[in-house]
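S.K.: Just add 1142 to wherever you are in the sequence shown, counting from 1, and you've got this note's numbering.
First the structure, which I've put down as structure tokens, then a few questions once you've had a look.
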Amino acid sequence: MALREDQILRYSRQILLREVGGRGQESLLAGTARLDGIGASGLTAAAYLAGGGTPVTGAGSLTLGPWAPGFLMGPSDVGLPVTEALAREVPALNPDAGAVGQGGGLVAELPAAWSGEAPWVALGGDGMRAAVVFRGPEGCLWCFGETVRHLGSPPDGALGVAVGTLGALVFQRLRLGLGPALGGRWLVAPGTVEEMEMRRCSRCAGREPPAES
1143 MALREDQILR YSRQILLREV GGRGQESLLA GTARLDGIGA SGLTAAAYLA
1193 GGGTPVTGAG SLTLGPWAPG FLMGPSDVGL PVTEALAREV PALNPDAGAV
1243 GQGGGLVAEL PAAWSGEAPW VALGGDGMRA AVVFRGPEGC LWCFGETVRH
1293 LGSPPDGALG VAVGTLGALV FQRLRLGLGP ALGGRWLVAP GTVEEMEMRR
1343 CSRCAGREPP AES
């Protein structure tokens, strides 16, 4: 689909990025991200994805609790199913993000169930650090599963907001076909990102060359 004049103005900063451009922005507008989460990280990711033009819908049957008001939700949203709240708040943030696209993907706070097409972006932590684990269409789902099952829920507060922001950026890159198809990042503090060593499934571990003696 061709970008309208108002969309070119709205997404001008993204379009100017070499990795995005006009074609990339069209791809972001055409896809959909399903959100399975009601904490600071998941709702922040949803807000940034919607702001960048990616349609966002709810996944699952979670209900917003008293911790939900923040960047995307307000006090009046407490008690609503996340699907209903997103259907109301996302178009208010960006009308383009209220129309469901053709492609799919899932952003979820851990623990979560994973299904549907990639990209998959998991938001979690280990009690001290926040974590983003991601899988594109070509990434091994078993290695992804081995890694996320050793992580817990994402943190709240500033670190939760920061990891949600990072998760949204990672999801966008996967939608644009950028970066590795499988990986993870630790967020030690807002602004401090470290590479995560992925756990390997038995099949992928068998493909690795033997260590040199």
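Glycine residues also receive a C-beta, built at the ideal position from the N, C-alpha and C atoms.
Computed from a prediction, not measured in an experiment: that's the story for all the values here.
Suppose you measure from the CA of residue 1236 to the CA of residue 1162; what does that come to, to the nearest Å?
M.R.: Taking the straight line joining both Cα atoms gives about 19 Å.
S.K.: Got a sec, what are the start and stop residues for the alpha helix (DSSP H) residue 1161 sits in?
M.R.: Element bounds for residue 1161: n/a, residue is neither H nor E.
S.K.: Mind checking which residues open and close the beta strand (DSSP E) that includes residue 1178?
M.R.: Unbroken beta strand (DSSP E) run through residue 1178: 1175-1178.
S.K.: When you compare only the Cα positions, how much space is there between residue 1205 and residue 1184?
M.R.: Rounded to whole angstroms, residue 1205 to residue 1184 spans 13 Å at the Cα level.
S.K.: Taking 8 Å as the threshold (C-beta atoms), are residue 1313 and residue 1177 in contact?
M.R.: No, the pair does not count as a contact, with Cβ atoms beyond the cut-off.
S.K.: Considering only their Cβ atoms, is the gap separating residue 1286 from residue 1311 smaller than 8 Å?
M.R.: Against a cut-off of 8 Å, the Cβ pair of residue 1286 and residue 1311 comes out as no contact.
S.K.: Apart from the five residues on each side of it in sequence, which residues of its chain come closer than 6 Å, Cβ to Cβ, to residue 1213?
M.R.: 1186 and 1189.
S.K.: Can you look up residue 1145 in the DSSP assignment and give me helix, strand or coil?
M.R.: Correct three-state label for residue 1145: coil.
S.K.: Is it true that the CB of residue 1343 sits closer than 8 Å to the CB of residue 1262?
M.R.: Not a contact, by the Cβ cut-off of 8 Å.
S.K.: Helix, strand or coil for residue 1329, going by three-state DSSP, please let me know.
M.R.: Note: residue 1329 maps to strand in three-state DSSP.
S.K.: At the level of alpha carbons, what is the spacing between residue 1322 and residue 1224?
M.R.: One C-alpha to the other measures close to 30 Å.
S.K.: Going by the beta-carbon positions, is the gap between residue 1308 and residue 1329 smaller than 8 Å?
M.R.: Yes, they are a contact pair.
S.K.: Leaving aside the five residues before and after residue 1298 along the sequence, list all residues of the same chain whose C-beta is less than 6 Å from its C-beta, in chain order.
M.R.: Closer than 6 Å at Cβ, skipping near neighbours: 1182.
S.K.: Given a cut-off of 8 Å, decide if residue 1254 and residue 1277 are closer than it, judged by their beta-carbon atoms.
M.R.: Going by C-beta atoms, residue 1277 is not nearer than 8 Å to residue 1254.
S.K.: If you drop the 5 nearest sequence neighbours on each side, which residues of the same chain put their C-beta closer than 7 Å to that of residue 1267?
M.R.: Excluding positions up to five away in sequence, the list reads 1273, 1293, 1294, 1295, 1296 and 1297.
S.K.: Is it the case that the Cβ atoms of residue 1198 and residue 1170 are separated by a distance below 8 Å?
M.R.: No, the Cβ-Cβ distance between residue 1198 and residue 1170 is not below 8 Å.
S.K.: Determine which residues share a DSSP beta bridge with residue 1272 and list them.
M.R.: In the DSSP output, where bridge partners are listed per residue, residue 1272 has 1267 and 1329.
S.K.: Do you know how far the Cα of residue 1148 is from the Cα of residue 1280?
M.R.: Residue 1280 and residue 1148: Cα-Cα distance of roughly 34 Å.
S.K.: Give the single residue among 1335, 1265, 1151 and 1256 whose Cα lies nearest to the Cα of residue 1302.
M.R.: The residue with the shortest Cα to Cα distance from residue 1302 is 1265.
S.K.: State yes or no: is the C-beta of residue 1340 within less than 8 Å of the C-beta of residue 1319?
M.R.: It is not a contact, given that the beta carbons lie outside the stated cut-off.
S.K.: Buried or exposed, going by whether 16 or more other CB atoms sit within 10 Å of the CB of residue 1248?
M.R.: Residue 1248 should be labelled buried.
S.K.: Just mark residue 1252 as buried or exposed, buried being the case when its beta carbon has 16 or more other beta carbons within 10 Å.
M.R.: Classification of residue 1252: buried, given that the 10 Å Cβ count is 16 or more.
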